Structure formats: structure tokens, C-alpha cells
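Taken in order, these protein sequences are the chains called A and B. Numbering-wise, this note's numbering comes out as the position in the first sequence, counting from 1, plus 134. Numbering-wise, this note's numbering comes out as the position in the second sequence, counting from 1, plus 372. We treat Cβ as the ideally placed atom computed from N, Cα and C, and that holds for glycine. Note that the coordinates shown come from a computational prediction; the quantities given were computed from them, not determined experimentally. Report on the following structure.
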Amino acid sequence: MITVMSAVDEDHRLILAARSGDAIAREALGRRVSRSAYLFAFQLTGDREASRDIAQDGALRFFRYLDRFDPARPIEPWLFQIVRNRVRDLARRAQIRRHESLDALLEHRRPEPAAADHDPAGEAERADLRQRIWQSVARLSDPHREIFLLRDFHHLSYGEIAEVLSIPLGTVMSRLHAARMNLRALLGDDERRFGREGSDR
Amino acid sequence: MTGDGHEFDEVLISGYLDGELTQQDAQRVRLHLEDCAGCRRIADDLRTMKEATLTTRFRVPEDTQWDERPRGAVSRILHDAGLLILAAWVVGIAAYLVWGIASDAESFTFENVLVFGLLLAFGLVVLSALVDRLRVRESDPYRKVRK
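Spelled out as C-alpha cells, the structure:
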């Protein structure tokens, strides 16, 4: 029998095991939280060093409140609120150096050539679009960048986004749409931006 | 409004793509997209952006590169207690030196200045760590969270 475990179920299991003192679970949870916090911090700041510090801080706080954390809840909304507050603190103290493009950490993985739907040209086009998207995400305003990241990369629900950003639920959709439209505009007006060249639309 | 003069709240397109609309609103958007080429194009572009963004993979540091692992409760208590005792020791020694210099000016030697400067610098570093720690506690919105 194949058991499919969702990310939330796996987190739940790890949290309970870590609480009971399982060293391996603590380590796995620490890595999982640090990675997630690092990625969001880097996407917000473009500063690897600051992101590493923020990730460690986030992981420490997570473990500090582990016994009080509801394991049925996803970790990200809680963690991202911590990361966002820390990024804002550091930015206020001018301790963030935005010197890297967000596409600096993109992983350019090649698909397996043996895959049935292997399409090198299509994959190259998608990789190019991804690169241009992440270059443009860095040019969004802070409120637009963070809401875009939370939904379109980290896949948080509107309710979770409202929690992270401390904004009304009704504001989420309008701000997110504005962010996406800005990004669409930044990607340019030419027909090639979404691989639509030669289409009849 | 999409800007081309027709009455439609374009924001709903995002809610539709995210599956966050009520059934009634989702149906309204679906019907509108069938009729409106401009909004359909926006929806297609946003969908393409969403898919490209969601399928992006980022490199993160190797697990071995995390300098500091989350500490357990005992480690944290020992660390905090050590920091507190160290701070008290620095303050005590500094106060003793100041008192010694003030009460007996002849003991004001070059060695005193060196030791005092060293302790003062050390004390400031410890103080900065304490201030940071207090600030972190104050800015944590989950500090009082109970299960």
C-alpha cells in the first residue's frame, strides 16, 4: 500500500516527534524551517548573508515556541511573519545590502532526456521566462513583491497571506492583482514575453 | 474595470485563478472571459506567470552550512544564565575599578587604563547582545501564544 503524506502531515509528524525529544526529528525540522525562512528572506532582500542570519533567527524562535505551536497548522504563515518582521527591522537599520538579483539562486535543472514529454525548446523558453520573472520581481515595490511571493511561489491561501501581512482579507486579492499586473507590465509589452509570438491573439 | 470601458472588476481574475472566489463569482468571471478577449488575455498571462513562478527551483545552502542549529531548552537556559553572569561580572569589575581609581588617585596606572578599557569594550559587546535579545522578545508577535 502506498501512503501519500502531504507536507503539512509531515510537518505535523516532525513537530510531535521533536517535542518528544527525537533528535533526528529536531534536526530535520530545523533544516526544513531554516531552508524555508532562508528562501523567503532572500526573495525579499537579495542578500545571502542577511538571509542566513534571518533563517537562523527564525529557526531559533520556532524551536523556542515549539511546545506551544499548534502542529495542525502550517508552519509557513507563522514563520514568514517572523521573517518579514526581521527583514523590516534590518532594513530600518540599513543592515541589508540588496546586491544580488533574485535569479542568482535559480536552479537550472535540465529535464530527463528520456521523459516522454521532453521538450528542450519549450523548457528553454520556460527557463527564460522564469529568469525574466525573477529579475522583474526584484523591481516590484516591497508590498507587491511580498504578496506575490507568498501566493505565487509559496502558495499560501488568501487567509494565510492576510495573517502574515496583517491586512484585511479583502485587501489581499486587490493588492495581489495589482502586484501581478505590475509584474506583467515589467515583463514588457512585446508578444514574446509569454511565448505568444506568432499567435493570433 | 479593465480600462477599455467595460464594467467588470478585473481584480476578480486573480481570485478566479487562485480558486478563492465563491461559486457565483467564479461563474461570473468564467462567462466574462468567454466574451472578453482583453480580460482573457490578462488571465492567460497571469496563469502563465503563476505556473512559471510556482515551478521555479532555488538553490539553498547545504545543510552543513547552517552555522548554528536550533538549541534545546537546557542549552538555552545555560546560554542565558552564562550571559547574565558574564554581564554582572563585567559590571562588577568595572564598578570596582572606578571606585578604586576614584578613592585612590595614586592607583591610576597605565595597567588600570588597559584593563578598564578592555572590560568596558567587552561590556559594551555583552550589552549589545542583551539589547538585541530584549528587542527580539519585544517584536515577536507570538511570544504570548498559547496552544
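Just to confirm, is the Cβ distance from residue i to residue j under 8 Å?
| i | j | result |
| --- | --- | --- |
| B/Ala415 | B/Leu405 | yes |
| B/Thr427 | A/Trp268 | no |
| A/Arg317 | A/Leu274 | Correcting the residue identity first, residue 317 of chain A is Leu in this sequence and not Arg. Cβ distance < 8 Å, so A/Leu317 and A/Leu274 count as in contact. |
| A/Gly192 | A/Ala171 | yes |
| A/His311 | B/Val401 | no |
| A/Leu178 | A/Glu280 | yes |
| A/Ala225 | A/His278 | no |
| A/Pro211 | A/Val298 | yes |
| B/Phe430 | B/Ala466 | no |
| B/Leu455 | B/Ala501 | yes |
| A/Leu303 | A/Tyr292 | yes |
I'd like the span of the alpha helix (DSSP H) that includes residue i, first residue to last.
| i | result |
| --- | --- |
| A/Leu213 | 209–226 |
| A/Leu178 | 157–179 |
| B/Tyr388 | 383–389 |
| A/Ala151 | 141–153 |
| B/His378 | Element bounds for B/His378: n/a, residue is neither H nor E. |
| A/Ala261 | 254–271 |
| B/Arg413 | 409–426 |
| A/Arg186 | 182–198 |
| A/Gly322 | Per DSSP, A/Gly322 belongs to no alpha helix (DSSP H) and is neither H nor E. |
For residue i, which option in the options has the closest C-alpha, if you only look at C-alpha atoms?
| i | options | result |
| --- | --- | --- |
| A/Ser168 | B/Ile385, B/Val432, B/Trp471 | B/Val432 |
| A/Ala258 | B/Ala424, B/Leu456, B/Val470 | B/Ala424 |
| A/Ile188 | A/Phe176, A/Ile295, A/Arg147 | A/Phe176 |
| A/Phe196 | A/Arg166, A/Ala157, A/Arg309, A/Thr179 | A/Arg166 |
| B/Ile449 | A/Val217, A/Arg220, A/Arg198, A/Trp212 | A/Arg198 |
| B/Cys411 | B/Lys422, B/Glu392, B/Gln396, B/Tyr388 | B/Tyr388 |
| B/Glu392 | A/Val306, A/Leu320, A/Met315, A/Leu173 | A/Val306 |
| A/Leu150 | A/Gly180, A/Leu200, A/Glu183 | A/Leu200 |
| A/Ser300 | A/Asn219, A/Leu194, A/Gly155, A/Leu148 | A/Asn219 |
| A/Gln265 | A/Ile209, A/Pro208, A/Leu320 | A/Leu320 |
| A/Ile209 | A/Arg182, A/Leu163, A/Gly322 | A/Leu163 |
| B/Val470 | B/Leu486, B/Leu502, B/Asp417 | B/Leu486 |
| B/Val497 | B/Glu483, B/Gln395, B/Ala459 | B/Ala459 |
| B/Lys422 | A/Phe287, A/Tyr292, A/Leu213 | A/Phe287 |
| B/Glu434 | A/Leu173, A/Gly256, A/Ser140, A/Ile158 | A/Leu173 |
| A/Arg222 | A/Arg147, A/Glu183, A/Asp276 | A/Asp276 |
| A/Val217 | A/Ala228, A/Phe203, A/Gln190, A/Asp204 | A/Gln190 |
| B/Leu492 | B/Arg419, B/Ile473, B/Val462 | B/Val462 |
| A/Asp181 | A/Arg309, A/Ala272, A/Ser308 | A/Ala272 |
| B/Leu503 | B/Ala409, B/Asp452, B/Ile473, B/Asp397 | Correcting the residue identity first, residue 503 of chain B is Val in this sequence and not Leu. Residue B/Asp452 is the option with its Cα nearest to B/Val503. |
| B/Ala398 | B/Ala409, B/Asp407, B/Cys408, B/Ile385 | B/Ile385 |
| B/Asp536 | B/Gln396, B/Cys408, B/Leu418 | Residue 536 of chain B lies beyond the stretch modelled for chain B, which goes from 373 to 519, so this question has no answer here. |
Interfacial residues, the segment 464–493 of chain B to chain A, with Cβ spacing under 8 Å
Taking 8 Å as the upper bound on Cβ-Cβ separation, chain A lies near no residue of the segment 464–493 of chain B.
Enumerated in chain order, which unbroken segments of the alpha helix (DSSP H) with a length of 4 residues or greater are wholly contained in the segment 274–298 of chain A?
As far as the segment 274–298 of chain A is concerned, its whole alpha helix (DSSP H) runs of at least 4 residues are 276–282.
Beta carbons nearer than 9 Å to chain A: which residues of the segment 399–433 of chain B have them?
Ala409, Arg412, Arg413, Ile414, Asp416, Asp417, Leu418, Thr420, Met421, Lys422, Glu423, Ala424, Thr425, Leu426, Thr427, Thr428, Arg429, Phe430, Arg431, Val432, Pro433
Taking Cβ-Cβ distances below 9 Å as the criterion, which residues of the segment 192–219 of chain A are in contact with chain B?
Flagged, chain order: Ala193, Leu194, Arg195, Phe196, Phe197, Arg198, Tyr199, Leu200, Asp201, Arg202, Phe203, Asp204, Trp212, Gln215, Ile216, Asn219.
Interface positions of the segment 284–298 of chain A facing chain B (Cβ-Cβ less than 8 Å), listed along the chain:
Contacts with chain B (Cβ-Cβ distance below 8 Å) from the segment 284–298 of chain A involve Arg285, Asp286, Phe287, His289, Ser291, Tyr292, listed in chain order.
Give me the subset of the segment 253–268 of chain A whose CB atoms are less than 8 Å from a CB atom of chain B, sorted by chain position.
Arg260, Leu263, Arg264, Ile267, Trp268
Cβ-based contacts, 8 Å cut-off: residues of the segment 385–396 of chain B near chain A
Listed in sequence order: Ile385, Ser386, Gly387, Asp390, Glu392.
Residues from the segment 302–322 of chain A in contact with chain B, defined by Cβ distance under 7 Å:
Those would be Met307, Ser308, Leu310, His311, Arg314, Leu317, Arg318, in chain order.
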